[in-house]
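See structure below.
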Amino acid sequence: MTKTIVLGSSYQTIQKPIEFSDYLDTGATFSAFVDAASQFKHIELICKNYKNHSWDLMFAYGDPSNRNNGTLFIGYWNSGVVK
470 MTKTIVLGSS
480 YQTIQKPIEF
490 SDYLDTGATF
500 SAFVDAASQF
510 KHIELICKNY
520 KNHSWDLMFA
530 YGDPSNRNNG
540 TLFIGYWNSG
550 VVK
């Protein structure tokens with residue numbers, strides 16, 4: 470099961486699942502390969518409406534003691550659930 474985190478918030482609503490659109494790497498966006506949200510154990514919402522677009526900025530990773538092995542994604546947090 471994936472744990473989702475809203476930075477600065479302690480509540481969650483369950484309605485619509487997270488959708489990854491693209492991932493970020495050194496300031497550029499790539500969409501050749503986008504991982505499923507369910508592949509990660511932890512997903513943090515960093516920013517809603519990233520850079521004034523409809524996308525949200527999220528950080529996904531498997532091991533909280535090794536967060537440097539995570540990936541930044543843009544997509545839609547929606548209700549913050551993973552299916």
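The sequence shown finishes on residue 552 if you use the working numbering, and the numbering steps up by one all the way, no holes. Cβ coordinates follow ideal geometry from the N, Cα and C atoms, glycine included.
Query raised in the report: Is it true that the CB of LYS510 sits closer than 8 Å to the CB of THR471?
Result: Numbered from 1 along the sequence shown, position 2 holds the residue referred to as residue 471. Numbered from 1 along the sequence shown, position 41 holds the residue referred to as residue 510. Going by C-beta atoms, THR471 is nearer than 8 Å to LYS510.
Requested in this report: Could you work out which residue in SER548, MET527 and ASP491 is closest to ARG536 when comparing CA atoms only?
Outcome: For this step, residue 536 is matched to residue 67 along the sequence shown. Nearest option by C-alpha distance: MET527.
Report task. State yes or no: is the beta carbon of MET470 nearer than 8 Å to at least one beta carbon in chain B? Result -> Although the question refers to chain B, the structure presented lacks it and comprises just one protein chain.
Query raised in the report: Using a Cβ-Cβ cut-off of 7 Å (strictly less than) and excluding sequence neighbours within five positions of GLU488, which residues of its own chain qualify?
Result: Counting from one through the sequence shown, the residue named residue 488 turns up at place 19. Around GLU488: GLY544, TYR545 and ASN547.
Requested in this report: Just tell me which of VAL550, SER490 and GLN484 has its CA closest to the CA of SER523.
Outcome: Numbered from its first residue, the sequence shown carries residue 523 at position 54. The option with the nearest alpha carbon to SER523 is SER490.
Requested in this report: Compute the Euclidean distance between the alpha carbons of ASN538 and GLY531, then round it to the nearest angstrom.
Outcome: By one-based count along the sequence shown, residue 538 stands at place 69. By one-based count along the sequence shown, residue 531 stands at place 62. Whole-angstrom Cα-Cα distance: 8 Å.
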